[in-house]
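Data first, discussion second: the structure below is written as structure tokens.
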Amino acid sequence: MSSGFGTFNEEHEAFRQTVRAWVQREIVPHVGAWEEAEAFPRELYDKAAQQGFFGLKYPEALGGTGAGVFFEAVLHEELSKCGSGGVAAGLGAQATIATGPLHLFGNDELKQRFLVPAIRGEKIGAFAVTEPGGGSDVAGLKTTARKDGDHYVLNGSKTYITNGVVADYVIVAVKTDPARGHKGLSMVIVEKGTPGFGVSKKLKKLGWRASDTAELFFDDCRVPVKNLLGVEHDGFGQVMGNFVWERITLALGAVGAAEAILEGARSFVTERHAFGQRVSQFQVVKHQLAEMATDLEAARQLTYHALRLHAAGEWALGATAMAKKVATEMCCRLADRALQLHGGAGYMMEYDIQRHWRDARLGPIGGGTSEIMNEIIAKQLGL
Amino acid sequence: MPIKILVTAKRVEDYESKIKVNAQGNGIVLEGLKYKINPFDEIGVEEALRLVAKHGGGEVVVASVGTKDVHEQLRHALAMGATRAIWVNHAGPLDQMTVAGCLQKLIEKEKPDLAILGKQAIDDDQNQVGQYLAEWLGWSQATFASKEESLESEAEKSKTPALQLSADAKTLTVIREVDGGLETLECSMPCVVTTDLRLNQPRYASLPGIMKAKSKPIEEHTPATLGVDATPKITVTKMEHPPARKAGIKVPDVATLMDKLKNEAKVI
Ligand SMILES: Cc1cc2nc3c(=O)[nH]c(=O)nc-3n(C[C@H](O)[C@H](O)[C@H](O)COP(=O)(O)OP(=O)(O)OC[C@H]3O[C@@H](n4cnc5c(N)ncnc54)[C@H](O)[C@@H]3O)c2cc1C
Ligand SMILES: Cc1cc2nc3c(=O)[nH]c(=O)nc-3n(C[C@H](O)[C@H](O)[C@H](O)COP(=O)(O)OP(=O)(O)OC[C@H]3O[C@@H](n4cnc5c(N)ncnc54)[C@H](O)[C@@H]3O)c2cc1C
């Protein structure tokens, strides 16, 4: 039985073949160039949109396909096998954090203005919570939005924002009532070109190089009140609600990348010879790969468990935190072991494993750190 | 004028799978293999869909011979847009004459205007089924239908397609690959065409296509119900890995290289 038994059906697997073929044709040949350029062409969003990749869980009325979260799960797993965490992140963010909040909390007007064109790939979105002063403590964010007539006036800054440079709109977490902690948080949409809204050049990163990551500045930036997402002061719940799916997709991405990493290591040690035999023939190496495969499968099944709970409509906060932590840490472990199995080649830029190793390191940090996942799990234990 | 085209969808090992010869040395290890539609067949499906679209509709019927597993490949062709599928249920060894025999019977029942097959399957590289089929049906044939460029730019797409059907659907013009060039044939219909790699770039099976494929019919036959004797006339007696390539050599300069090419390899 395949690993997807009980989770994915025949149509999901057929869609997997489509995504795989698309990734092979549209991304894989360009990974080296895009990583070097630290960018990938905007055209790729159009191509992904043409295949319906950004609308898999959104209704047909909004230009989606309404196919559901299992199809999107397949997308994230397969995208991450392209060999560039940055490309997978840039496209992945458009399907998740840049559109999810609009679908969950936006009114019809906001959906028409932002979600519909985002699904079509015409508008790129970003989601900005993290600030230079800290990202883990969402309730302690410092960016403010003071109401002035029918506008909010934003002041503050955000950092490490995926797609921040290319974005046509950014969903920004702001304090609409700084005195009230997490009860004073709201989400507003800021469009590119709004006076007082500035974007830094791309930040230099260890990994995820093909994706753009930016710092955003708000200096008396006036945003119409109608750009408020959902209810004022409801932002904390919105951020947390959005995190569940984001974290499941990050776990799925880690599982997909780990699959590529394991296959890369397996194929390297079967080709490579040392001491008169294939490296794969040493029992110690076989057992390493056996352990890596087991580590991957355990993380995969925990991830699929969180996915199934979420798909069934459960509030899967705890299971998701566990899956996100286990899967992203597993991917780092596998990348490190795979790099070691490559010997000196593992340290060379011409082999894919170095990029996997760098890209994987973001997993336990982005979308909430492993420590924050532990906080969530501990809370569920009543601690 | 609507046309009807029969295409094939053989289930073959994914070219990314690691192929190993089995312990008996007469086949390959099947464990852990992944499968796909034969890429040449996928190109055939694509070409058929384009021809039908261009000729104001019709039908693309996809056929495959094998165990129930071939439904996966039939569904793939249906998801690309084929109208319906025919499954010839058969387990065990299969040679190219049995396959051509089954296809011949299906064609006699279905009476398509055209059959498009892959020039070969990437598993055993036989390159025979299309030729047997044309011979036994008494149809004209054009093998290795192809184009000049491998990648389809917009300019390429607007160029003359490799397969062109006359307005009255009586003749098919086929550009085919021959050693060192291209040849253009005019075939009277009905006709058998086999596809080469550079013919087109197959579309992706779209999500709506995948959903629609679920409800498209798959008709079942067996070699016996078609009246085909499936006893293999050819058996594989031995299979071995190609010999490992010898290590190359490094030459100090261009002069040595030229000398070796001229006097040792005798290629220039
Ligand atoms: C490439 C990249 C892309 C990103 N994309 C986005 C994006 O699109 N949108 C966005 O909003 N953010 C994004 N981020 C930011 C990311 O979500 C944050 O980096 C992450 O949440 C951690 O926040 P921080 O960097 O401020 O670390 P801090 O919050 O300053 O944490 C520093 C350390 O303290 C630990 N720590 C903090 N609180 C606790 C606690 N209570 N108990 C124990 N340990 C604790 C953390 O685990 C961490 O180890 C991105 C980051 C990167 C690197
Ligand atoms: C930046 C850099 C600088 C270097 N500088 C120098 C230098 O100045 N001089 C120099 O001579 N070399 C140098 N090296 C080479 C380095 O010493 C080798 O990369 C290292 O010894 C491993 O050899 P290998 O790369 O051929 O890996 P391999 O020997 O091919 O090993 C591949 C994998 O197989 C494993 N393996 C091999 N044999 C066994 C076994 N019997 N049992 C179990 N596992 C096994 C290895 O541990 C490894 O995981 C350098 C390498 C780097 C990356």
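Quick mapping for you: the protein sequence lines, in order, are chains A and B. So the first sequence is numbered by the working numbering: it starts at 1 and just counts up by one. So the second sequence is numbered by the working numbering: it starts at 384 and just counts up by one. Cβ coordinates follow ideal geometry from the N, Cα and C atoms, glycine included.
Exercise. In three-state terms, what does DSSP make of E10 of chain A?
Worked result: Looking up residue 10 of chain A in the first sequence gives position 10. In this structure, E10 of chain A counts as helix in the three-state DSSP scheme.
For this session: Report yes or no: do the segment 515-526 of chain B and the segment 558-571 of chain B share at least 3 C-beta pairs separated by less than 8 Å?
Result: Inter-segment contact for the segment 515-526 of chain B and the segment 558-571 of chain B is present: three or more beta-carbon pairs are separated by less than 8 Å.
For this session: Could you tell me whether any Cβ in chain B is nearer than 8 Å to the Cβ of F71 of chain A?
Result: Taking the first sequence and counting its residues from 1, the one referred to as residue 71 of chain A is at position 71. The beta carbon of F71 of chain A falls within 8 Å of a beta carbon belonging to chain B, placing the residue at that interface.
For this session: Please report the Cβ distance between A257 of chain A and D359 of chain A, rounded to the nearest whole angstrom; I am assuming they are in contact, meaning their Cβ atoms lie under 8 Å.
Result: To locate residue 257 of chain A, count along the first sequence from 1; it is residue 257. To locate residue 359 of chain A, count along the first sequence from 1; it is residue 359. For A257 of chain A against D359 of chain A, the beta-carbon gap comes to about 7 Å, under 8 Å, which counts as contact.
For this session: Give the C-beta separation of S186 of chain A and T176 of chain A to the nearest angstrom, bearing in mind that I take them to be a contact with Cβ-Cβ under 8 Å.
Result: Here residue 186 of chain A is taken as the residue at index 186 of the first sequence, counted from 1. Here residue 176 of chain A is taken as the residue at index 176 of the first sequence, counted from 1. Taking a contact as a CB-CB distance under 8 Å, the pair S186 of chain A and T176 of chain A counts as one, their CB atoms being some 4 Å apart.
Exercise. What residues from the segment 51-69 of chain A come within 8 Å of chain B, judged by C-beta to C-beta, listed N to C?
Worked result: Listed in sequence order: Q51, G52, L56, T65 and A67.
Exercise. Taking just the CA atoms, how far does P544 of chain B sit from K530 of chain B?
Worked result: Along the second sequence, read from residue 1 onward, the residue named residue 530 of chain B stands at position 147. Along the second sequence, read from residue 1 onward, the residue named residue 544 of chain B stands at position 161. Taking the straight line joining both Cα atoms gives about 8 Å.
Exercise. What do you reckon, are the CB atoms on V188 of chain A and L252 of chain A nearer than 8 Å?
Worked result: Residue 188 of chain A sits at position 188 when you count from the first residue of the first sequence. Residue 252 of chain A sits at position 252 when you count from the first residue of the first sequence. Going by C-beta atoms, V188 of chain A is not nearer than 8 Å to L252 of chain A.
Exercise. Could you give the distance in angstroms between the alpha-carbon of N472 of chain B and the alpha-carbon of E602 of chain B?
Worked result: Reading the second sequence from its first residue, position 89 is the one you call residue 472 of chain B. Reading the second sequence from its first residue, position 219 is the one you call residue 602 of chain B. One C-alpha to the other measures close to 10 Å.
Exercise. If you drop the 5 nearest sequence neighbours on each side, which residues of the same chain put their C-beta closer than 6 Å to that of I171 of chain A?
Worked result: In the first sequence, counting from the first residue as 1, residue 171 of chain A sits at position 171. These residues qualify, in order along the chain: P101, F127, M187 and I189.
Exercise. For A588 of chain B, which residues in chain A fall below 9 Å Cβ to Cβ?
Worked result: Residue 588 of chain B sits at position 205 when you count from the first residue of the second sequence. A14, F15, Q17, T18 and A21, listed in chain order.
Exercise. Does DSSP put N227 of chain A in a helix, a strand or coil?
Worked result: Start at 1 with the first residue of the first sequence, and residue 227 of chain A comes out as number 227. Three-state result, N227 of chain A: helix.
For this session: Can you grab the Cα-Cα spacing for the pair L413 of chain B / F217 of chain A, in whole Å?
Result: Counted from its first residue, the second sequence places residue 413 of chain B at position 30. Counted from its first residue, the first sequence places residue 217 of chain A at position 217. L413 of chain B and F217 of chain A have their alpha carbons spaced roughly 58 Å apart.
Exercise. If you compare alpha carbons, which of B:D478, B:D397, B:K492 and B:T556 is closest to I617 of chain B?
Worked result: Along the second sequence, one-based indexing puts residue 617 of chain B at 234. Ranking the options by Cα distance to I617 of chain B, first place goes to B:D478.
Exercise. With which residues is G134 of chain A paired in a DSSP beta bridge?
Worked result: Taking the first residue of the first sequence as position 1, residue 134 of chain A is located at position 134. Paired residue(s): A:E131.
Exercise. In chain C, which residues lie less than 7 Å from E11 of chain A when you measure between Cβ atoms?
Worked result: Note that chain C does not occur in the displayed structure, where the protein chains are A and B.
Exercise. In chain order, what are the residues with a CB under 7 Å from some non-hydrogen atom of ligand 2?
Worked result: Selection around ligand 2 by beta-carbon proximity, strictly under 7 Å to any non-hydrogen atom, yields A:V269, A:R272, A:A274, A:F275, A:V279, A:F282, A:V284, A:V285, A:Q340, A:L341, A:H342, A:G343, A:G344, A:A345, A:Y347 and A:M348 in chain order.
Exercise. V129 of chain A: beta carbon under 7 Å from a heavy atom of ligand 1?
Worked result: For this step, residue 129 of chain A is matched to residue 129 along the first sequence. Checking every heavy atom of ligand 1 against the Cβ of V129 of chain A, one is found closer than 7 Å.
Problem set entry | Among A:R355, A:F114 and A:Q380, nearest to G207 of chain A - alpha-carbon criterion | Here residue 207 of chain A refers to the residue found at position 207 when the first sequence is read from its first residue. Of the listed residues, the one whose Cα sits closest to G207 of chain A is A:R355.
Exercise. How long is the line joining the alpha carbons of F40 of chain A and V74 of chain A, rounded to whole angstroms?
Worked result: Start at 1 with the first residue of the first sequence, and residue 40 of chain A comes out as number 40. Start at 1 with the first residue of the first sequence, and residue 74 of chain A comes out as number 74. C-alpha separation (whole angstroms): 22 Å.
Problem set entry | Neighbour list for H459 of chain B in chain A, Cβ cutoff strictly below 8 Å | The residue given as residue 459 of chain B occupies position 76 in the second sequence. Chain A residues near H459 of chain B: A14 and Q17.
Exercise. Do V269 of chain A and L341 of chain A come within 8 Å of each other at the CB atom, strictly closer than that value?
Worked result: Along the first sequence, one-based indexing puts residue 341 of chain A at 341. Along the first sequence, one-based indexing puts residue 269 of chain A at 269. Their beta carbons are under 8 Å apart, which means L341 of chain A touches V269 of chain A by this criterion.
Exercise. Quick one: any contact between the segment 42-61 of chain A and the segment 335-353 of chain A, if contact means 3 or more CB pairs under 8 Å?
Worked result: Taking 8 Å as the limit for Cβ pairs, the verdict is that the segment 335-353 of chain A does not touch the segment 42-61 of chain A.
For this session: Compare the C-alpha of A431 of chain B against each of B:L416, B:S447 and B:I388 and name the closest.
Result: Within the second sequence, residue 431 of chain B is the residue found at index 48, counting from 1. Nearest neighbour of A431 of chain B by Cα position, chosen from B:L416, B:S447 and B:I388, turns out to be B:I388.
Problem set entry | Touching by the beta-carbon criterion (3+ pairs, under 8 Å), the segment 120-140 of chain A and the segment 151-160 of chain A | Yes, the segment 120-140 of chain A is in contact with the segment 151-160 of chain A.
For this session: Evaluate S533 of chain B with the Cβ neighbour count: other Cβ atoms within 10 Å of its Cβ, from every protein chain shown; 16 or more gives buried, anything less gives exposed.
Result: To locate residue 533 of chain B, count along the second sequence from 1; it is residue 150. Confidence in S533 of chain B is poor, its pLDDT being 45 and thus under 50, which makes the residue's placement too unreliable to answer from.
Problem set entry | For F527 of chain B, the three-state DSSP class (helix, strand or coil) | Taking the second sequence and counting its residues from 1, the one referred to as residue 527 of chain B is at position 144. It is a strand residue.
Exercise. Within 10 angstroms of its Cβ, does V650 of chain B collect 16 or more other Cβ (buried), or is it exposed?
Worked result: For the purposes of this step, residue 650 of chain B is identified with residue 267 of the second sequence, where counting begins at 1. By the 10 Å Cβ count, V650 of chain B comes out exposed.
Problem set entry | Contacts that A724 of chain B makes with chain A (C-beta to C-beta distance below 7 Å) | Residue 724 of chain B falls outside the range modelled here, since chain B spans only 384 to 651, and no answer is possible.
Exercise. Taking Cβ positions only, does S400 of chain B come closer than 8 Å to chain A?
Worked result: For this step, residue 400 of chain B is matched to residue 17 along the second sequence. No - not a single Cβ of chain A is within 8 Å of the one on S400 of chain B.
Exercise. Who are the Cβ neighbours of F32 of chain A in its own chain at under 7 Å, not counting the five residues just before and after it?
Worked result: Taking the first sequence and counting its residues from 1, one reaches residue 32 of chain A at position 32. A quick correction: the sequence has Gly, not Phe, at residue 32 of chain A. If we look at G32 of chain A and ignore the five residues flanking it on each side, it has no Cβ neighbours.
Exercise. Just to confirm, are L79 of chain A and V23 of chain A a CB contact at a threshold of 8 Å?
Worked result: Taking the first residue of the first sequence as 1, we reach residue 79 of chain A at position 79. Taking the first residue of the first sequence as 1, we reach residue 23 of chain A at position 23. Yes.
Problem set entry | Where the beta strand (DSSP E) through V471 of chain B begins and ends | Here the question's residue 471 of chain B lines up with position 88 in the second sequence. It spans R467 to N472 - the beta strand (DSSP E) in which V471 of chain B sits, taken as one unbroken run.
Exercise. Does the distance from the CB of L548 of chain B to the CB of I426 of chain B come in under 8 Å?
Worked result: Residue numbering aside, residue 548 of chain B sits at position 165 when the second sequence is read from its first letter. Residue numbering aside, residue 426 of chain B sits at position 43 when the second sequence is read from its first letter. In this structure, the beta-carbon distance from L548 of chain B to I426 of chain B does not fall below 8 Å.
Problem set entry | A61 of chain A (DSSP reduced to helix, strand or coil) | By one-based count along the first sequence, residue 61 of chain A stands at place 61. Three-state DSSP puts A61 of chain A in a helix.
Problem set entry | ligand 1 heavy atom lying under 7 Å from the CB of Y515 of chain B | Residue mapping note: residue 515 of chain B aligns to position 132 of the second sequence, counting from 1. At a threshold of 7 Å, Y515 of chain B does not count as near ligand 1, since its beta carbon sits no closer than that to any of the ligand's heavy atoms.
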